[in-house]
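Please read the structure below before turning to the comments.
Number of protein chains: 2
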Amino acid sequence: MTVSKAAEKSSEKPADSAKGRKDAAEVQGQGAAGEALQLGELSEQLGYVLKRAQLKVFENFLRCMASLQLTPAQFSVLLLVEKNPGRNQTEIASTLGILRPNFVAMLDNLESRDLCARIRSTNDRRSHILVLTDKGKAVLARAKKLVATKHEARLNELLGQANREALIAMLAKVANEF
Amino acid sequence: MTVSKAAEKSSEKPADSAKGRKDAAEVQGQGAAGEALQLGELSEQLGYVLKRAQLKVFENFLRCMASLQLTPAQFSVLLLVEKNPGRNQTEIASTLGILRPNFVAMLDNLESRDLCARIRSTNDRRSHILVLTDKGKAVLARAKKLVATKHEARLNELLGQANREALIAMLAKVANEF
DNA sequence: TATTGTTATACTCTATAACTATA
DNA sequence: TATAGTTATAGAGTATAACAATA
Numbered sequence: 001m002t003v004s005k006a007a008e009k010s011s012e013k014p015a016d017s018a019k020g021r022k023d024a025a026e027v028q029g030q031g032a033a034g035e036a037l038q039l040g041e042l043s044e045q046l047g048y049v050l051k052r053a054q055l056k057v058f059e060n061f062l063r064c065m066a067s068l069q070l071t072p073a074q075f076s077v078l079l080l081v082e083k084n085p086g087r088n089q090t091e092i093a094s095t096l097g098i099l100r101p102n103f104v105a106m107l108d109n110l111e112s113r114d115l116c117a118r119i120r121s122t123n124d125r126r127s128h129i130l131v132l133t134d135k136g137k138a139v140l141a142r143a144k145k146l147v148a149t150k151h152e153a154r155l156n157e158l159l160g161q162a163n164r165e166a167l168i169a170m171l172a173k174v175a176n177e178f
Numbered sequence: 001m002t003v004s005k006a007a008e009k010s011s012e013k014p015a016d017s018a019k020g021r022k023d024a025a026e027v028q029g030q031g032a033a034g035e036a037l038q039l040g041e042l043s044e045q046l047g048y049v050l051k052r053a054q055l056k057v058f059e060n061f062l063r064c065m066a067s068l069q070l071t072p073a074q075f076s077v078l079l080l081v082e083k084n085p086g087r088n089q090t091e092i093a094s095t096l097g098i099l100r101p102n103f104v105a106m107l108d109n110l111e112s113r114d115l116c117a118r119i120r121s122t123n124d125r126r127s128h129i130l131v132l133t134d135k136g137k138a139v140l141a142r143a144k145k146l147v148a149t150k151h152e153a154r155l156n157e158l159l160g161q162a163n164r165e166a167l168i169a170m171l172a173k174v175a176n177e178f
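The listed protein sequences correspond, in order, to chains A and B.
Residue numbering for the first sequence follows UniProt numbering, starting at 1 and increasing by one per position.
Residue numbering for the second sequence follows UniProt numbering, starting at 1 and increasing by one per position.
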């Protein structure tokens, strides 16, 4: 947690070699074999820690959802369709940052599992209105309970309720305004 | 920011249809055409907001680094090699969560740009010790300055110094202990 | 002409098996 | 036999162009 910010100086000039370039013999002895590497400034890099955290969270989400076989992306689609019935593919996809071509296979999957359905719009026969099926609603309800009792609960345990909310609020701000 | 937590109830029972299933006619009118969709519970989902934030941060990082043509992953490799000279490919890669096979092309790239070098170890002739070249050190130094003055500065501006540190600390905790 | 859903396609990331040279 | 680096390969995720149906 306490990483020397002064490490920047170390990259300015390699004073340990007259040629300014370590040769093989100089470097060979340096790695302390079995010991763990030092992350250094890396542990203070927002992008690095953000990416590692995201991977862990998705991993945990998948484990919590194993019984329902729902990925984070699929869960987000079901949530958004439930909250916004009567919207078409383009609207749902773009809200989630999914490109329309890539959304097709995803919907094919959800529809083949009878979790949601495409309904040809009567107003504009080009568009497909998305709705959850009864099974989709039931699965989503169970998914929400799993998320609350296993996934979110784990996070609360780790950070505490207040910190968890603060974390999500800051991430939302970064996502929206950075 | 204020998302109804009670929205969970809405998935319990679809009271608006005796069959429990909206037919096409029922759904058609629902989408308020031009209006933005409601994210609902999605904006409270850690995974969702984490992923969106990560994408924004990487995007910003790439813009800040455009002049040096360094990706977040490449920057992390250079930082780690600088901090841990004398380590081999396996050690550097695994610390970063990069699989050894995938690390080969990445190193080929950095080596072809003369930013780092593989040195055959004299102790164990199977392993390649990694070091930064002089150019690599210089580029990394410039990269650090760009990150500090453009990337981190933007984050400080957005959250403030204290919140930025709190955010990174919480993300590190999630990454390490979730 | 413009838009919706779709196909085809390509490029990046990530993941696994298997080879080679060393140990 | 085990390990380091490598190759080949396959699967996700993501990106763009273009087509058919419809507006």
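Virtual Cβ for every residue (Gly too), placed ideally from N, Cα, C.
Note on geometry: alpha-carbon atoms of K56 (chain A) and P72 (chain B) lie some 18 Å from one another.
Against chain B, the CB of M170 (chain A) has a partner CB under 9 Å away; the residue lies at that interface. Among the residues facing chain B, R113 (chain A) is not included, as its CB has no counterpart in that chain under 9 Å away. Exposed is the label assigned to V104 (chain A), since fewer than 16 other Cβ atoms lie within 10 Å of its Cβ. In the structure shown, L80 (chain A) falls within a helical segment according to DSSP collapsed to helix, strand and coil.
The beta-carbon separation of G97 (chain B) and F61 (chain A), rounded to 18 Å, does not stay under the 8 Å limit for a contact. Here L130 (chain B) carries a strand assignment [DSSP, helix/strand/coil].
Contact residues of the segment 39-55 of chain B toward chain A are L39, G40, E41, L42, S43, E44, Q45, L46, G47, Y48, V49, L50, K51, R52, A53, Q54 and L55 (C-beta to C-beta distance below 8 Å).
A Cβ-Cβ distance of about 6 Å is found for the pair L146 (chain A) and M65 (chain A), placing them in contact under the 8 Å criterion. Within the DSSP secondary-structure output, R120 (chain A) pairs in a beta bridge with A:H128. Within the same chain, Cβ atoms closer than 8 Å to the Cβ of S76 (chain B) are found at L96, the five residues on either side in sequence being excluded. Each residue's CA atom was taken as its position, placing D114 (chain B) and T149 (chain A) some 51 Å apart. For L62 (chain A), the enclosing alpha helix (DSSP H) begins and ends at L46 to C64. Around the C-beta of E177 (chain A), fewer than 16 other C-beta atoms lie within 10 Å, and the residue is accordingly described as exposed. Between G40 (chain A) and E35 (chain B), the gap from beta carbon to beta carbon reaches 9 Å or more. Three or more Cβ pairs closer than 8 Å define a contact, and the segment 122-134 of chain A falls short of that threshold against the segment 128-137 of chain B. Beyond the five residues adjoining it in sequence on each side, P85 (chain B) comes within less than 7 Å, by CB distance, of V131 in the same chain, given in chain order. When 8 Å is used as the limit between beta carbons, K83 (chain B) is near these residues of chain A: A7, L37, Q38, L39, G40, E41 and L42, in chain order. Following the DSSP letters along the chain, one finds L159 (chain A) inside the alpha helix (DSSP H) bounded by residues A153 to L159.
Of the residues A:E91, A:D124 and A:K137, the one whose Cα lies closest to the Cα of E111 (chain A) is A:K137. If you compare the alpha carbons of B:Q45, B:A172 and B:V49 with that of A172 (chain A), the shortest gap goes to B:V49.
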